[in-house]
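Going line by line, the protein sequences match chains A and B.
Quick note on numbering: full-length UniProt numbering labels position 238 of the first sequence as 238, and the sequence is numbered without any gaps.
Quick note on numbering: full-length UniProt numbering labels position 348 of the second sequence as 348, and the sequence is numbered without any gaps.
Here is the structure we will look at, set down as structure tokens.
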Amino acid sequence: MHKLGRGHRDKVQQFMAITGASEKVALHALKASDWHLEGAFDVFYSQPQIKAFTDSRHLEELYSRYKDPYVDMIMADGISVLCNDLQVDPQDIVMLVVSWHMKAATMCEFSKQEFISGLQALGIDSLEKFRERIQFMRTELKDEQKFREIYNFAFGWAKEKGQKSLALDTAIGMWQLLFAEKQWALVDHWCQFLQARHNKAISRDTWSQLLEFAKTVDPSLSNYDAEGAWPYLIDEFVEYLNENNIIQKGQPIDWSLKR
Amino acid sequence: MSTQKKRNFQIEAFKHRVVVDPKYAEKTWKILEHAIHEIYNHNASGLSFEELYSAPKRNFQIGPLKRQIVMDPNYADKTWKILEEGIHEIYNCNISGLSFEELYRNAYNMVLHKFGEKLYSGLVTTMTHHLEVISKSIEAAQGGLFLEELNRKWADHNKALQMIRDILMYMDRTFIPSTHKTPVHELGLNLWRDNIIHSAKIQTRLQDTLLDLVLRERTGEVINRGLMRNVIKMLMDLGSSVYQDDFEKHFLEVSADFYRAESQQFIECCDCGEYLKKAERRLNEEMERVSHYLDAKSEAKITSVVEKEMVESHMQRLVHMENSGLINMLVDDKYEDLGRMYSLFRRVPNGLFIIRDVMTSHIRSTGKQLVTDPERLKDPVDFVQRLLDEKDKNDKIINLAFNNDKTFQNALNSSFEYFINLNSRSPEFISLFVDDKLRKGLKGVSEEDVEIVLDKVMMLFRYLQEKDVFEKYYKQHLAKRLLSGKTVSDDAERSLIVKLKTECGYQFTSKLEGMFTDMKTSEDTMQGFYASSFAETGDGPTLAVQVLTTGSWPTQPSATCNLPAEILGVCEKFRGYYLGTHTGRRLSWQTNMGTADLKATFGRGQKHELNVSTHQMCALMLFNNADRLSYKEIEQATEIPASDLKRCLQSMACVKGKNILRKEPMSKDIAEDDAFFVNDKFSSKFYKVKIGTVVAQRESEPENQETRQRVEEDRKPQIEAAIVRIMKSRRVLDHNNIVAEVTKQLQSRFLPSPVLIKKRIESLIEREFLERDKVDRKLYRYLA
Numbered sequence: 001m002h003k004l005g006r007g008h009r010d011k012v013q014q015f016m017a018i019t020g021a022s023e024k025v026a027l028h029a030l031k032a033s034d035w036h037l038e039g040a041f042d043v044f045y046s047q048p049q050i051k052a053f054t055d056s057r058h059l060e061e062l063y064s065r066y067k068d069p070y071v072d073m074i075m076a077d078g079i080s081v082l083c084n085d086l087q088v089d090p091q092d093i094v095m096l097v098v099s100w101h102m103k104a105a106t107m108c109e110f111s112k113q114e115f116i117s118g119l120q121a122l123g124i125d126s127l128e129k130f131r132e133r134i135q136f137m138r139t140e141l142k143d144e145q146k147f148r149e150i151y152n153f154a155f156g157w158a159k160e161k162g163q164k165s166l167a168l169d170t171a172i173g174m175w176q177l178l179f180a181e182k183q184w185a186l187v188d189h190w191c192q193f194l195q196a197r198h199n200k201a202i203s204r205d206t207w208s209q210l211l212e213f214a215k216t217v218d219p220s221l222s223n224y225d226a227e228g229a230w231p232y233l234i235d236e237f238v239e240y241l242n243e244n245n246i247i248q249k250g251q252p253i254d255w256s257l258k259r
Numbered sequence: 001m002s003t004q005k006k007r008n009f010q011i012e013a014f015k016h017r018v019v020v021d022p023k024y025a026e027k028t029w030k031i032l033e034h035a036i037h038e039i040y041n042h043n044a045s046g047l048s049f050e051e052l053y054s055a056p057k058r059n060f061q062i063g064p065l066k067r068q069i070v071m072d073p074n075y076a077d078k079t080w081k082i083l084e085e086g087i088h089e090i091y092n093c094n095i096s097g098l099s100f101e102e103l104y105r106n107a108y109n110m111v112l113h114k115f116g117e118k119l120y121s122g123l124v125t126t127m128t129h130h131l132e133v134i135s136k137s138i139e140a141a142q143g144g145l146f147l148e149e150l151n152r153k154w155a156d157h158n159k160a161l162q163m164i165r166d167i168l169m170y171m172d173r174t175f176i177p178s179t180h181k182t183p184v185h186e187l188g189l190n191l192w193r194d195n196i197i198h199s200a201k202i203q204t205r206l207q208d209t210l211l212d213l214v215l216r217e218r219t220g221e222v223i224n225r226g227l228m229r230n231v232i233k234m235l236m237d238l239g240s241s242v243y244q245d246d247f248e249k250h251f252l253e254v255s256a257d258f259y260r261a262e263s264q265q266f267i268e269c270c271d272c273g274e275y276l277k278k279a280e281r282r283l284n285e286e287m288e289r290v291s292h293y294l295d296a297k298s299e300a301k302i303t304s305v306v307e308k309e310m311v312e313s314h315m316q317r318l319v320h321m322e323n324s325g326l327i328n329m330l331v332d333d334k335y336e337d338l339g340r341m342y343s344l345f346r347r348v349p350n351g352l353f354i355i356r357d358v359m360t361s362h363i364r365s366t367g368k369q370l371v372t373d374p375e376r377l378k379d380p381v382d383f384v385q386r387l388l389d390e391k392d393k394n395d396k397i398i399n400l401a402f403n404n405d406k407t408f409q410n411a412l413n414s415s416f417e418y419f420i421n422l423n424s425r426s427p428e429f430i431s432l433f434v435d436d437k438l439r440k441g442l443k444g445v446s447e448e449d450v451e452i453v454l455d456k457v458m459m460l461f462r463y464l465q466e467k468d469v470f471e472k473y474y475k476q477h478l479a480k481r482l483l484s485g486k487t488v489s490d491d492a493e494r495s496l497i498v499k500l501k502t503e504c505g506y507q508f509t510s511k512l513e514g515m516f517t518d519m520k521t522s523e524d525t526m527q528g529f530y531a532s533s534f535a536e537t538g539d540g541p542t543l544a545v546q547v548l549t550t551g552s553w554p555t556q557p558s559a560t561c562n563l564p565a566e567i568l569g570v571c572e573k574f575r576g577y578y579l580g581t582h583t584g585r586r587l588s589w590q591t592n593m594g595t596a597d598l599k600a601t602f603g604r605g606q607k608h609e610l611n612v613s614t615h616q617m618c619a620l621m622l623f624n625n626a627d628r629l630s631y632k633e634i635e636q637a638t639e640i641p642a643s644d645l646k647r648c649l650q651s652m653a654c655v656k657g658k659n660i661l662r663k664e665p666m667s668k669d670i671a672e673d674d675a676f677f678v679n680d681k682f683s684s685k686f687y688k689v690k691i692g693t694v695v696a697q698r699e700s701e702p703e704n705q706e707t708r709q710r711v712e713e714d715r716k717p718q719i720e721a722a723i724v725r726i727m728k729s730r731r732v733l734d735h736n737n738i739v740a741e742v743t744k745q746l747q748s749r750f751l752p753s754p755v756l757i758k759k760r761i762e763s764l765i766e767r768e769f770l771e772r773d774k775v776d777r778k779l780y781r782y783l784a
């Protein structure tokens with residue numbers, strides 16, 4: 001560290017603060033990108049193997065701690081033990097972020113490959129490090145781009161294997177979880193509407209378009225465009241809102257929720 | 001005295017010349033002789049009077065004239081006196097004593113001797129003086145004589161002017177152009193204008209007199225049109241500005257006032273037709289007036305005045321006039337009045353638009369009434385016939401009254417399209433109408449008439465938005481016609497199919513054509529069957545099978561009923577034969593579509609041949625072994641679906657004259673616990689009795705729903721196919737464009753709603769034919 005100039009030293013510290021990586025990793029990444037901070041992030045995230053030199057022996061130990069006794073996977077029981085160790089509620093949305101990092105295919109399951117390479121990519125080889133990272137993962141939800149990725153990841157993660165669409169109950173649960181994080185004033189109306197009128201599974205298109213809808217159309221619907229190529233379910237939702245006088249033009253509902 | 005003097009030096013001059021040119025006289029005479037010849041030969045156009053008169057002299061006059069100016073200083077005054085005298089005489093119509101030659105020569109000399117100025121100003125003064133006198137005498141003319149006096153004086157003035165011009169010809173030719181003065185004739189006209197027409201006492205009087213005459217003619221009096229024409233002609237001769245300022249301008253103003261008042265009066269007391277008649281007559285009168293005594297250029301102006309005052313300002317009121325307006329005319333087929341309205345309204349801006357607008361809304365509202373009236377829905381054939389009548393009626397109006405105006409035809413078409421589609425059953429009814437015509441309606445009608453009816457039906461068909469619904473029903477109805485052998489004319493059937501094909505393409509009719517092919521093949525098959533060894537049945541019943549290709553026919557998945565043993569035997573034989581000749585096929589009996597002929601002997605020995613449906617036959621055959629059967633027993637034995645069974649029993653037990661069965665208890669409807677007997681007392685005038693099934697010709701409500709649903713289902717793949725076709729060629733397209741293109745592609749069959757298209761797009765996204773663009777969510781990409 002002492003060998004570095006002051007500007008470089010600042011960058012290393014910044015990098016470490018943001019990524020949570022070790023000094024060694026930070027130096028490596030910054031050097032590889034010729035001391036551009038942005039470039040270093042790219043390097044850091046696209047080449048996970050350089051981020052941390054995790055001890056694969058420790059990873060094996062961690063895995064075997066949670067592994068299901070009958071199959072070579074971590075199943076629901078293992079996950080609840082993990083949550084316990086991490087001092088996190090299994091229902092906590094941060095578990096979705098963890099799954100996203102591990103690129104888990106299905107809810108409540110980690111294959112060995114997902115678990116180990118996921119932790120490797122995160123640079124975690126001990127529970128302490130894991131616990132430290134949880135806090136950082138929470139902040140990742142605030143990032144617009146990452147939230148979108150996590151949101152879209154959630155669809156595939158939550159749906160039943162082999163099915164194309166997401167069961168309504170699961171979808172509603174996920175939405176309530178996700179939109180608790182990213183405030184959307186109409187989420188309760190949306191869920192009520194689905195239960196009252198739709199009662200069918202949710203397609204991927206509807207799932208991903210809903211986030212766009214929540215982000216771009218304001219809750220008073222003043223900038224809603226009927227010709228706007230929204231999925232018909234969203235069109236019907238708007239109709240439902242208007243029919244039931246939930247939206248009164250010019251009288252937007254509680255804004256305080258929206259940040 | 002003066003003449004004496006002049007002669008003196010001319011003689012001198014001659015003397016002088018004669019010496020110089022001894023041949024002069026001869027040469028000059030040659031010219032004159034030639035001219036005289038030409039005059040006799042009526043070939044005077046090439047001759048110059050002035051040249052003949054003076055040219056020969058020019059050569060030698062130069063010398064003597066120089067001397068003369070010096071000689072007589074009073075010459076100009078004297079000469080002018082002579083000319084002035086002459087002009088006086090001319091104006092007094094006293095020309096017999098005048099020598100034209102002399103006057104001309106004097107005028108000529110004056111110009112020659114540089115007294116042109118004096119001559120010209122003298123002329124102006126003299127003429128002005130005379131015109132003042134004339135003006136007095138015109139002013140003095142009383143009442144009706146005023147115009148006549150004016151006209152007469154004008155004629156006199158013209159005559160005088162003609163003569164004066166001739167006398168002053170030389171001045172007109174040489175002096176006036178070189179000094180840029182007004183030529184004599186024009187001068188005369190100008191002086192007339194300033195002294196007579198524009199004199200204070202005449203100007204307004206003339207206007208008033210003329211306008212009064214026009215007014216009198218308008219109110220029906222006969223006026224002297226010749227006089228009128230002359231006076232107007234005078235004004236025009238004085239220059240178009242005189243005509244316009246002194247007459248036309250006031251004429252148009254007065255006319256506008258007149259017609260404003262008159263139209264106001266008419267509109268209060270006349271009905272629309274009468275008013276239009278009057279307006280048209282007024283318009284014609286004005287045009288006639290122009291041709292009789294006004295400038296042709298005034299026609300456009302005066303007609304536009306009449307159009308504005310009589311038509312344009314009252315258009316709305318006329319069109320909407322109670323009891324006689326446009327709508328009443330349309331209702332009562334008043335072709336003449338309508339034609340009049342059309343030709344009058346066409347003259348003014350927006351006129352036709354108003355007519356078209358009112359007509360369109362009228363057709364729409366009557367049409368809407370027609371198609372939504374629940375009474376009309378009871379009889380589909382009448383319903384369609386009324387539509388056709390309505391169309392004929394309006395076509396005729398447009399043809400006879402509206403000059404076959406394209407914009408009116410378009411308005412009519414769009415109106416029909418609008419209201420026909422208001423009733424979702426229109427496609428069904430049109431198909432039923434065709435069914436009715438092809439079943440019985442066209443018997444004994446010539447081929448041309450059949451074509452006319454079919455063409456009319458096609459015209460209605462064109463208005464339909466849901467052509468696929470029509471196809472569905474048409475298929476059902478055609479199937480029934482073909483299977484029951486009810487088609488009157490094969491040619492008519494085929495002709496309609498050809499029409500549908502030209503309208504909607506091969507796809508639309510391929511299945512219909514398949515049905516005809518099946519009928520033909522079945523005939524051959526039956527011949528083959530009876531020629532083969534399979535058919536040796538002895539006394540068994542004769543079977544006629546129609547083999548229908550699945551998919552071409554609108555087969556309902558119906559539970560097959562239990563056929564009587566006798567029939568079943570023959571059926572099995574046929575099955576054996578058919579499957580033997582066509583391997584790999586499957587036959588299933590459509591018992592709900594067949595018919596049977598039965599020989600029946602009733603209790604008192606009456607023998608009849610009964611024509612019944614297959615279901616009825618199944619039920620009747622049971623009575624060969626039983627006298628009394630309950631509804632339940634029949635249902636169990638035949639396994640005919642309840643609704644069908646009820647209908648077929650109803651038609652055998654409850655229809656008067658066809659009641660071959662007796663029911664207990666007697667009632668109109670079939671109940672679950674009814675019992676049936678053969679009606680021993682059955683009697684009929686005919687040996688052959690046809691037992692119709694009580695068919696709901698129109699579909700019942702649930703059936704209708706079902707057909708709708710099937711149509712809706714059929715549309716889904718069509719919409720998807722269209723989307724894929726479009727996306728395959730465009731690769732990337734935004735939502736609204738896809739909707740527009742799909743609508744366009746499918747228009748010839750039905751009108752897909754945007755919501756429906758959207759749902760199909762979403763389904764295609766789910767099945768990964770399409771995806772949304774990552775950046776612009778309104779864009780779709782085609783995934784190959």
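Glycine included, C-beta positions come from ideal geometry on N, C-alpha and C.
Residue j beta carbon less than 8 Å from that of residue i
i	j	result
I93 (chain A)	L141 (chain A)	yes
L86 (chain A)	I134 (chain A)	yes
L37 (chain A)	Q120 (chain A)	no
K161 (chain A)	T206 (chain A)	no
D673 (chain B)	K663 (chain B)	no
L587 (chain B)	M617 (chain B)	no
L412 (chain B)	N394 (chain B)	yes
Residue range of the alpha helix (DSSP H) that includes residue i
i	result
E248 (chain B)	Here E248 (chain B) belongs to no alpha helix (DSSP H), and DSSP marks it neither H nor E.
F602 (chain B)	That residue, F602 (chain B), is in no alpha helix (DSSP H); it is neither H nor E in DSSP.
CA-to-CA distance, residue j to residue i, given in whole angstroms
i	j	result
L221 (chain A)	L733 (chain B)	26 Å
I50 (chain A)	R148 (chain A)	Unreliable placement is indicated for I50 (chain A), whose pLDDT of 46 sits below 50; no coordinate value is reported for it.
S298 (chain B)	M315 (chain B)	24 Å
P183 (chain B)	I36 (chain B)	30 Å
K437 (chain B)	H477 (chain B)	12 Å
A200 (chain B)	L211 (chain B)	18 Å
R364 (chain B)	E288 (chain B)	41 Å
Own chain partners of residue i with C-beta closer than 6 Å, once the 5 adjacent residues on each side are dropped
i	result
I670 (chain B)	K646, L649 and Q650
G250 (chain A)	Per-residue confidence for G250 (chain A) stands at a pLDDT of 46, beneath the threshold of 50, marking its modelled position as unreliable; no derived number is given.
residue 786 (chain B)	Limits of chain B in this structure are 1 at one end and 784 at the other, which puts residue 786 (chain B) out of reach.
Enclosing beta strand (DSSP E) for residue i [first to last residue]
i	result
K663 (chain B)	L661 to E664
Y687 (chain B)	Note, Y687 (chain B): premise wrong, no beta strand (DSSP E); not H, not E.
Residues near residue i by beta carbon distance below 8 Å, same chain, minus five either side
i	result
E771 (chain B)	I765, Y780, R781 and L783
>> Short of 7 Å Cβ to Cβ, which residues in the stretch 756 to 767 of chain B face chain A?
In response: K758, K759, E762, I765 and E766
> In the stretch 210 to 237 of chain A, which residues sit with their C-beta less than 8 Å from some C-beta in chain B, listed in chain order?
Replying inline: E212, E227, G228, A229, P231, Y232 and D235
>> Please identify, using Cβ separations under 7 Å, the residues of the stretch 485 to 511 of chain B that lie next to chain A, in order along the chain.
In response: none
> In chain order, what residues of the stretch 767 to 779 of chain B put their CB closer than 7 Å to some CB of chain A?
Replying inline: R772, R777 and K778
>> Give me the subset of the stretch 728 to 760 of chain B whose CB atoms are less than 8 Å from a CB atom of chain A, sorted by chain position.
In response: D734, H735, N736, V755, K758 and K759
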